[in-house]
Each structure stands twice: as C-alpha cells, then as structure tokens.
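Colleague: Chains as they are written, first to last, in my numbering: chain G, 3 to 398; chain Y, 3 to 398.
Every residue, glycine too, gets a C-beta built ideally from N, C-alpha and C.
To start, I am sharing the structure in question, which I have written as structure tokens.
Number of protein chains: 2
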Amino acid sequence: MRLIVLTPPYNLILATVSFELIAECSQTRARAGLLHTAHGTIETPVFMPVGTLATVKGLTQRDLGDELGVRILLANTYHLYLRPGHELIRSLGGLHKFMSWPHAILTDSGGFQVFSLSALRTIDDHGVIFQSHLDGATHTFTPESTVDAQLAFGSDILMALDECPEYPVSHEYARQSMHRTLSWARQAKEHFDRRLAQSQDLPNPRSALFPIVQGSMFADLRRECAARLTELDTAGYAIGGLAVGEPRPLSMEMVEATEPVLPRDRPRYAMGVGMPHELSEYVGRGVDMMDCVLPTRNARNGCLFTSQGRVVIKNTRYRDDPRPLDENCRCYTCTRHSRAYLRHLFQSGEMLFAVLATRHNIQRYLDIMREIRHAIISDSFPEYLKCVRSAATNAE
Amino acid sequence: MRLIVLTPPYNLILATVSFELIAECSQTRARAGLLHTAHGTIETPVFMPVGTLATVKGLTQRDLGDELGVRILLANTYHLYLRPGHELIRSLGGLHKFMSWPHAILTDSGGFQVFSLSALRTIDDHGVIFQSHLDGATHTFTPESTVDAQLAFGSDILMALDECPEYPVSHEYARQSMHRTLSWARQAKEHFDRRLAQSQDLPNPRSALFPIVQGSMFADLRRECAARLTELDTAGYAIGGLAVGEPRPLSMEMVEATEPVLPRDRPRYAMGVGMPHELSEYVGRGVDMMDCVLPTRNARNGCLFTSQGRVVIKNTRYRDDPRPLDENCRCYTCTRHSRAYLRHLFQSGEMLFAVLATRHNIQRYLDIMREIRHAIISDSFPEYLKCVRSAATNAE
Chain G
3 MRLIVLTPPY NLILATVSFE LIAECSQTRA RAGLLHTAHG TIETPVFMPV
53 GTLATVKGLT QRDLGDELGV RILLANTYHL YLRPGHELIR SLGGLHKFMS
103 WPHAILTDSG GFQVFSLSAL RTIDDHGVIF QSHLDGATHT FTPESTVDAQ
153 LAFGSDILMA LDECPEYPVS HEYARQSMHR TLSWARQAKE HFDRRLAQSQ
203 DLPNPRSALF PIVQGSMFAD LRRECAARLT ELDTAGYAIG GLAVGEPRPL
253 SMEMVEATEP VLPRDRPRYA MGVGMPHELS EYVGRGVDMM DCVLPTRNAR
303 NGCLFTSQGR VVIKNTRYRD DPRPLDENCR CYTCTRHSRA YLRHLFQSGE
353 MLFAVLATRH NIQRYLDIMR EIRHAIISDS FPEYLKCVRS AATNAE
Chain Y
3 MRLIVLTPPY NLILATVSFE LIAECSQTRA RAGLLHTAHG TIETPVFMPV
53 GTLATVKGLT QRDLGDELGV RILLANTYHL YLRPGHELIR SLGGLHKFMS
103 WPHAILTDSG GFQVFSLSAL RTIDDHGVIF QSHLDGATHT FTPESTVDAQ
153 LAFGSDILMA LDECPEYPVS HEYARQSMHR TLSWARQAKE HFDRRLAQSQ
203 DLPNPRSALF PIVQGSMFAD LRRECAARLT ELDTAGYAIG GLAVGEPRPL
253 SMEMVEATEP VLPRDRPRYA MGVGMPHELS EYVGRGVDMM DCVLPTRNAR
303 NGCLFTSQGR VVIKNTRYRD DPRPLDENCR CYTCTRHSRA YLRHLFQSGE
353 MLFAVLATRH NIQRYLDIMR EIRHAIISDS FPEYLKCVRS AATNAE
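Structure follows, in structure tokens:
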C-alpha cells in the first residue's frame with residue numbers, strides 16, 4: 003500500500019468537483035479517496051443509493067443523511083424531467099432545496115431510462131426522440147438538453163447523454179453506438195463548459211460533467227472509448243452499459259479493459275452495480291463509485307442482505323424468529339425489531355416493512371463500503387477480498 | 003373550573019388501569035386527567051392513533067413515541083387474531099414486545115371489524131361466526147375468546163365484544179342488540195376477572211377491560227345500556243356505534259345521553275371519532291379518549307389537516323408552492339419540506355408522501371389534544387370551543 007497526497011489544482015477545488023487519492027492497494031487496483039463537491043466531501047469507494055424521483059423510496063432525507071450517513075445519492079434525469087420537470091425544480095432553487103437534501107447529488111443523463119422505459123424511441127446522431135412512459139407524450143433528449151436539465155437541477159455531478167446498448171449486440175452495432183456516445187459526450191462537454199462559463203441562474207455553479215464509457219462487451223471498443231473520452235479532461239469518468247444481462251465475468255473483463263486507460267487521478271464510476279459480494283470486485287478493479295437499485299428494490303420485495311447472507315423474509319422459518327435480522331448490524335431495524343415482526347409486516351403488505359427493510363439494506367451496503375475502504379487504507383484489502391469470495395462461494 | 007385530586011384506590015393503581023381527574027371545565031363536561039397503565043401514564047383527553055396490524059401505517063415506533071409523543075395507540079383484535087395470530091404474539095412476549103412499543107396499547111374487541119369487514123357472519127347470543135376477509139376461513143368470536151386473544155396480546159386496555167349495529171336500525175332491533183352487547187359484556191368481564199385472578203402466562207397482568215355502550219341512535223337505550231354496564235364497575239367505559247353514517251348532531255346527542263350515567267371517576271372512550279373540529283365537541287361532552295383512522299387514512303389519500311384548514315395536496319395551486327404545509331407546525335414534515343415537494347411525491351405515488359403526510363396529520367391531532375387539555379386546565383375551554391366552532395363555520 004502507498005499513502006498518497008495528490009493535491010488537486012487550486013482552481014479545480016473552487017471551480018468544480020475534485021478527487022483526492024488517499025491510498026492505493028499494493029496488489030489490486032483498489033483505491034481510497036475523497037471526492038470534494040459543493041455539497042460536502044465523500045469518502046470513496048462509495049455506494050450511492052438511488053433516489054429516482056428525488057426520494058429514496060421509504061426513507062426520509064434525515065434517515066439517509068443523519069442516521070445512515072449517506073453523503074451522495076443518485077437521482078434520475080429522465081424521471082425528474084418528466085415529473086415534476088426541471089424548470090419547476092430550478093424555480094424552487096434546484097434539486098437540493100426541492101428535496102431538502104444538503105449533501106451531494108449525482109444525476110444520470112436519462113439515456114439508460116429512455117432505452118429501458120420509454121416506448122417508440124428513435125435514435126439518431128442528433129439525439130433521441132421518445133414517448134413518456136407516463137402519458138405517451140413525445141420528448142427529445144439531446145446531449146445539450148440533458149445537460150440543461152441537470153444544470154437546472156443543480157446536480158453536483160452530471161452525466162453526459164449516452165446510448166446504452168442492450169446485451170448482446172454485434173461488434174459493428176456496438177462500434178457505431180460507441181462512436182455516437184463519444185460524439186454526444188463531446189457535445190455535452192462543450193455545452194456544459196459554455197453554460198458554466200456564462201454561469202447565470204445556475205443553482206449549483208460548482209458542478210462537474212462525467213462522460214460514460216460504452217462499447218458493449220468488446221474490450222477493444224471499451225479501450226478506444228475510454229481513451230477518446232479522456233481527451234475531454236473531465237473531473238471523472240463513468241463505465242456504463244454494465245449489468246444489462248451479460249454474465250458477470252464479462253462485466254468484470256470490461257472494467258479491467260477500461261480502467262487502465264482512465265486517468266489515475268480521477269474518480270471512476272461503475273453505473274448500476276452491483277450485488278453485495280460484487281462491490282469489492284469492482285473496487286478491486288479500480289472503481290470508486292457505484293449505484294444500484296438492488297438494496298432498495300430488493301428490500302421492498304422482502305430480500306434482505308445481512309452479514310450472514312440473504313434473508314428472504316417471507317420464509318415460514320422466520321414466522322416466530324425473535325432474533326434481529328442481522329445481529330452484527332447497528333441499524334434501527336436490527337436494534338429494534340425481530341425477524342418475526344418484519345415477516346408479519348411483509349406478509350400483511352404494511353408500508354413499515356419497506357421502511358425498515360430499506361433502511362437495513364442501505365445500512366448493509368454502506369457498511370460493506372466502509373469495510374472495503376478501511377481494508378484499503380489499512381492495506382488488508384486483498385485478504386478482505388479473499389474472505390468475501392470464500393463466503394460467496396460457500397453461499398452458492 | 004375546579005382542580006381535583008381524586009386518588010384512586012391503592013389496589014386499583016397496582017392491579018389495573020386507573021384514572022386520575024386533574025381538572026373539570028366549569029361550563030362544559032370537559033375534563034383533564036391522567037390515565038395510569040402498566041406502560042406509562044397518559045394525559046387525557048387523548049387521541050389514540052390507529053395501528054391496525056401492530057403498525058401505524060407509514061410511521062416507525064420511534065417516530066410515534068419519541069418524536070410525536072404518542073403514549074397510547076390502538077391495535078385491532080380482529081386483524082391480529084387472523085394475522086399473525088394471538089398465540090404467536092403471546093409466544094413472542096406479547097404485542098408490546100412484538101411490535102417494540104414501550105407505551106400503552108388499547109385493543110378493540112374485533113366486533114366492529116367482524117361487522118364491517120367479514121362476509122357471511124352469523125350472530126347469536128353465543129357469539130359471532132364469520133368468514134375471514136383474507137381467505138374465507140370460518141372463525142368464531144365469543145365474549146370469552148376475544149378476551150383471551152387480547153390477554154394474549156397483553157393489551158393495557160381490552161374491549162368487551164359488542165354488536166355494532168349499522169345505521170339506521172329499528173328501536174326493536176337496537177334494543178335486542180343492546181341487550182346482547184350487555185350480556186356479552188357481563189360474560190367478558192367474568193371471564194376477564196377469572197383469567198386475571200389465575201394470572202398465569204399473561205404478558206400483561208395489569209390490564210383492564212372496558213365494556214361498550216351501544217343502543218344505536220336511541221337515547222333511552224343508550225342510557226339503559228350505560229346504567230347496566232356501570233354495575234360491572236370496570237376501570238373505564240366506551241361509547242361505541244358512533245360515526246357509522248348518522249348525522250353528526252345525532253352522534254353528539256347520544257354522547258350527551260350516555261355521559262351523565264357513566265361514573266365521573268372513570269375514563270370515557272368515544273370509539274372511532276372524529277374530524278379535527280369534532281374533537282373538542284366530544285371532549286366538551288365528557289369524552290376522555292378517542293381514536294380514528296382519519297388522520298392516517300386521509301394522509302395517505304392526500305388530505306392534510308393544518309391549523310388553517312384542510313389542504314388537498316394534489317391541487318395544482320401547490321405545484322410550485324415553496325411554503326411548508328403548516329407554518330405553525332413543528333413536525334418534521336413542516337420544518338423540512340415544501341408543499342411543492344409533497345405534491346410531487348403524492349403525484350408520483352411515492353411512499354415518502356404517506357410517511358411525511360401521516361407524520362404531519364398525527365402531529366396535528368396531538369397538537370389539538372394538547373390545546374384542548376391546556377384550555378381545560380387553564381379554564382379557557384369554553385372560549386377555545388367557541389373559536390373552533392367559528393373557524394369550522396367559516397370553513398364551510
């Protein structure tokens with residue numbers, strides 16, 4: 003392990019999001035760092051809970067910030083653009099004020115949702131025309147318009163519009179699509195820089211834009227995309243198009259192909275991943291930021307992640323189980339309630355189940371990230387990774 | 003106003019629930035008191051939030067107890083008997099432990115739910131046979147079995163099985179039904195005393211049974227029922243069969259007919275009432291305890307009660323309203339969020355809406371009860387009542 007102090011340029015600290023490397027693992031690509039934003043500093047590697055519509059389903063902002071210690075969350079441009087609309091959010095002072103969230107916010111570009119949720123989408127080099135999944139109305143996203151929407155939100159980190167191809171696609175399609183994503187990223191960056199330079203009426207002038215590496219499951223395309231994107235010299239880089247149905251070893255291969263091309267002094271964000279035992283795998287491959295709906299969505303469906311493995315709470319064996327969900331967990335749910343009560347709430351369709359389950363699952367994810375970070379800093383990450391792998395194998 | 007110290011008999015304090023009168027209004031029948039239970043003392047008049055299935059929908063027990071200051075809540079025998087079952091709850095240490103609620107619990111007898119929810123019910127003097135609204139299975143409630151279920155819960159206050167007639171019914175039907183309720187109350191009391199005397203395996207040996215005054219909308223039947231019930235010398239009395247569709251002046255008349263017959267030194271509980279502006283009306287007629295699903299159910303439906311009247315949050319006028327729901331309210335929702343954000347959550351069907359709205363509505367009800375109690379103790383209740391009536395008239 004090496005302890006590092008990479009002081010970012012002074013103007014970078016003031017002007018935008020900046021990244022500070024604290025430690026690197028001596029054997030893997032894992033790193034620990036600090037991500038500075040206008041809304042506080044975030045310890046990395048970090049897992050970002052998903053607050054699609056300006057709320058993490060079932061949790062209050064106080065639960066998230068004060069109790070769970072979340073310092074950055076993700077919101078969805080596609081959803082918030084459709085409802086309540088970015089102009090409304092800007093008129094109310096931006097997303098932080100709108101949802102009363104004092105910490106950092108990352109918004110995705112909406113590209114992924116356009117491809118996964120909306121009907122009748124038409125894509126060309128100009129952008130994407132789509133029908134709202136809410137009312138069928140037609141909308142257009144361009145690299146410029148999604149930057150504008152995210153600037154109206156006042157997001158700390160904005161994502162450039164990308165095309166996220168399904169899995170599998172041909173090399174030829176993936177290449178064309180990757181080039182479109184590349185050229186959209188350039189347009190987005192130009193527009194972002196111009197808007198920031200004008201800097202009028204922006205809820206958050208200290209934001210940063212991250213472009214997204216695509217290329218489907220082709221290492222050559224991933225490498226090419228990453229190399230070209232780094233020319234944009236952005237404050238961070240995302241790896242998109244993962245966890246879209248491909249086998250997990252392939253996702254890992256794509257991260258391995260991409261990571262060495264990305265600059266060491268910028269954060270890397272793997273979008274939409276992953277399962278609890280996968281978090282350290284991504285970190286071991288050089289990833290600093292992740293997000294996923296798994297802990298929140300699975301919580302609502304009765305699937306709980308504990309330090310001893312998964313608990314599917316509807317199982318009859320928990321009917322009269324007086325033990326906490328996870329004896330090693332210090333969350334409100336585990337310190338106050340039994341599995342029997344949680345099962346009763348789930349079986350009865352009670353809202354409190356989602357509230358308690360989500361709180362626990364987020365706590366579990368954040369605990370894992372804290373363990374990972376501590377392992378990197380204390381140079382025991384390779385051993386930690388070994389333990390996680392062995393536990394995951396035993397659980398299979 | 004008279005300040006009173008009515009010390010309850012010593013054995014009553016130890017053995018069961020007891021009531022202490024603190025102040026009586028000099029002009030109305032309003033009283034302020036203290037209700038002592040094995041799970042703490044409750045200031046009366048009190049509004050009890052409804053936690054049907056051992057949860058107040060959308061709130062954690064910590065929200066309720068520590069933040070809102072709820073000291074007694076209501077749970078439903080019918081629902082908990084069907085799911086998860088009273089034997090399971092007893093085996094897990096009783097309802098307080100099961101739901102992790104350190105304060106008092108009142109459970110109704112299940113009679114009202116049998117009549118309002120279940121199909122194919124057959125009633126005779128023995129009890130009521132009904133089909134579960136969940137799976138159609140046949141069950142029987144008797145005065146004894148509902149006492150047993152509530153003793154298994156370890157409720158602080160149990161309710162005797164009653165028949166709650168719909169509105170309207172004939173005087174003849176109401177008379178027969180009232181006599182059935184009377185005789186069930188006697189059976190329930192006998193059984194309750196016997197079980198308590200044996201006192202084995204009871205999660206809460208310091209509980210009390212309240213019988214329920216019925217008689218539909220006939221003052222003579224109400225008076226007769228109340229007079230006969232007082233012979234049972236129970237720790238408190240309930241007035242049931244209100245708010246079942248009758249015009250509100252009739253409900254008030256029934257309370258007025260009943261109240262003078264009930265002993266002054268015991269708490270009176272008006273079941274299933276009422277709207278915010280009605281709370282002081284019931285208190286002014288001598289009621290000490292109330293419960294209602296209105297604040298919680300209306301919250302989930304987007305109807306919010308504020309110090310300035312009702313807010314129907316879906317209304318377009320709140321779309322960009324940056325003000326808190328109620329500027330006079332100190333709840334989490336009002337101190338942290340805008341109407342615009344609440345409307346967005348409601349329109350999006352987000353769970354956080356129910357969480358925030360329920361929290362506010364319960365706070366509003368408890369604030370009203372605190373105002374009422376303060377007015378009684380400071381002998382300004384008649385003026386308070388006048389203000390409430392004038393505001394309610396203006397709102398019409």
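Checking the sheet assignment: what are the DSSP bridge partners for G:L90?
Modeller: Answer is none; G:L90 lacks a bridge partner.
Colleague: Following the continuous beta strand (DSSP E) through G:I159, name the residue where it begins and the one where it ends.
Modeller: Per DSSP, G:I159 belongs to the beta strand (DSSP E) from I159 to M161.
Colleague: Using the beta-carbon of each residue, which ones in chain G are nearer than 8 angstroms to Y:Q349?
Modeller: Near Y:Q349 (Cβ distances below 8 angstroms), the residues of chain G are R85 and P86.
Colleague: Taking the alpha-carbon positions, what's the Y:T386 to Y:M371 distance?
Modeller: The question names Thr, yet the displayed sequence has Tyr at residue 386 of chain Y. For Y:Y386 and Y:M371, the distance between alpha carbons rounds to 12 angstroms.
Colleague: In angstroms, rounded to a whole number, what distance separates the CA positions of Y:H38 and Y:R312?
Modeller: Cα to Cα, the separation comes out at about 34 angstroms.
Colleague: Can you tell me which of the three DSSP states Y:N78 falls into?
Modeller: Strand at Y:N78.
Colleague: Suppose only complete runs of 4+ residues qualify. What are the alpha helix (DSSP H) ranges in the stretch 169 to 217 of chain Y, listed by chain order?
Modeller: Within the stretch 169 to 217 of chain Y, the complete alpha helix (DSSP H) runs of at least 4 residues are 173 to 200.
Colleague: Using the C-alpha atoms, what's the distance from Y:D267 back to Y:V390?
Modeller: Roughly 27 angstroms between the two C-alpha positions.
Colleague: Among Y:V246, Y:R345 and Y:M291, whose alpha-carbon lies nearest the alpha-carbon of Y:N317?
Modeller: Nearest option by C-alpha distance: Y:R345.
Colleague: Closer than 7 angstroms, Cβ to Cβ, to anything on chain Y: give me those residues from the stretch 89 to 108 of chain G, in chain order.
Modeller: Taking 7 angstroms as the Cβ-Cβ cut-off against chain Y, the residues of the stretch 89 to 108 of chain G that qualify are L90, S93, L94, F100, M101 and S102.
Colleague: Using the Cα positions of G:A377 and G:Y271, report the straight-line distance between them to the nearest angstrom.
Modeller: Between G:A377 and G:Y271, the C-alpha separation is close to 20 angstroms.
Colleague: With DSSP as the reference, please indicate the residues paired to Y:I378 in a beta bridge.
Modeller: DSSP lists no partner for Y:I378.
Colleague: Could you please tell me which residues of the stretch 297 to 327 of chain G, in chain order, have their CB closer than 8 angstroms to any CB of chain Y?
Modeller: Per Cβ criterion, the list reads R321, D322 and P324.
Colleague: Is the stretch 31 to 48 of chain G touching the stretch 326 to 345 of chain Y, taking contact as three or more C-beta pairs under 8 angstroms?
Modeller: At 8 angstroms Cβ cutoff, the stretches do not touch.
Colleague: With DSSP collapsed to three states, give me the class of Y:V130.
Modeller: Of the three classes helix, strand and coil, the one that applies to Y:V130 here is strand, per DSSP.
Colleague: Between Y:P47 and Y:D290, which are expected to be in contact by the criterion C-beta below 8 angstroms, what is the C-beta distance as a whole number of angstroms?
Modeller: 5 angstroms between Cβ atoms; contact.
Colleague: Are the beta-carbon atoms belonging to G:G247 and G:Q216 less than 8 angstroms from one another?
Modeller: Cβ distance not < 8 angstroms, so G:G247 and G:Q216 don't count as in contact.
Colleague: So Y:S120 and Y:S134 are in contact, right, with Cβ under 8 angstroms, and what is the actual spacing, rounded?
Modeller: With 8 angstroms as the limit, Y:S120 and Y:S134 qualify as a contact, their Cβ atoms being about 7 angstroms apart.
Colleague: Quick check: is the beta carbon of Y:Y343 nearer than 8 angstroms to any beta carbon in chain G?
Modeller: At least one chain G Cβ lies under 8 angstroms of Y:Y343.
Colleague: Once you ignore the five residues that flank Y:A394 on each side, which residues in its own chain have a CB closer than 7 angstroms to its CB?
Modeller: The answer, listed in chain order, is H279.
Colleague: Is G:Y334 close to chain Y? Criterion is C-beta to C-beta, closer than 8 angstroms.
Modeller: Answer yes: the Cβ-Cβ gap between G:Y334 and chain Y drops below 8 angstroms somewhere.
Colleague: Are at least three pairs of beta-carbons, each pair with one atom in the stretch 137 to 157 of chain G and one in the stretch 193 to 202 of chain G, less than 8 angstroms apart?
Modeller: These segments touch.
Colleague: Between G:A237 and G:V19, is the Cβ-Cβ spacing less than 8 angstroms?
Modeller: Yes, these two residues count as a Cβ contact at 8 angstroms.
Colleague: Just checking: is the beta-carbon of G:R338 within a distance shorter than 8 angstroms of some beta-carbon in chain Y?
Modeller: Cβ-Cβ to chain Y under 8 angstroms: yes for G:R338.
Colleague: Got a sec? Which residues, its chain only, sit under 6 angstroms from G:Y83 by beta carbon, not counting five neighbours each side?
Modeller: Correct list, in chain order: A151.
Colleague: Out of curiosity, what's the CA-to-CA distance linking Y:L211 and Y:H362?
Modeller: Their Cα atoms are separated by approximately 32 angstroms.
Colleague: Got a sec: is the Cβ-Cβ distance from Y:M353 to anything in chain G below 8 angstroms?
Modeller: With 8 angstroms as the cut-off, Y:M353 counts as an interface residue toward chain G.
Colleague: With 8 angstroms as the threshold, decide whether the Cβ of G:H346 is near any Cβ in chain Y.
Modeller: So, interface residue.
Colleague: Roughly how many angstroms separate the alpha carbons of G:V116 and Y:A77, rounded to a whole number?
Modeller: Their backbone Cα atoms lie some 45 angstroms apart in a straight line.
Colleague: Taking all protein chains shown into account, decide if G:L347 is buried (16 or more other Cβ within 10 angstroms of its Cβ) or exposed.
Modeller: Result: buried.
Colleague: Would the beta-carbon of G:A176 fall within 8 angstroms of that of G:S218?
Modeller: The answer is yes: Cβ separation under 8 angstroms.
Colleague: According to DSSP, is Y:D150 part of a helix, a strand, or is it coil?
Modeller: Three-state result, Y:D150: helix.
Colleague: On a Cα-Cα basis, can you pick out the residue from Y:M353, Y:V275 and Y:L281 that is closest to Y:G304?
Modeller: Answer by Cα proximity: Y:M353.
Colleague: Once you ignore the five residues that flank Y:T140 on each side, which residues in its own chain have a CB closer than 7 angstroms to its CB?
Modeller: Only I131 and Q133 meet the Cβ criterion.
Colleague: Answer with buried or exposed for Y:D369, where buried requires no fewer than 16 other C-beta atoms within 10 angstroms of its C-beta.
Modeller: Under this definition Y:D369 is a buried residue.
Colleague: What is the DSSP secondary structure of Y:D293, reduced to helix, strand or coil?
Modeller: In this structure, Y:D293 counts as strand in the three-state DSSP scheme.
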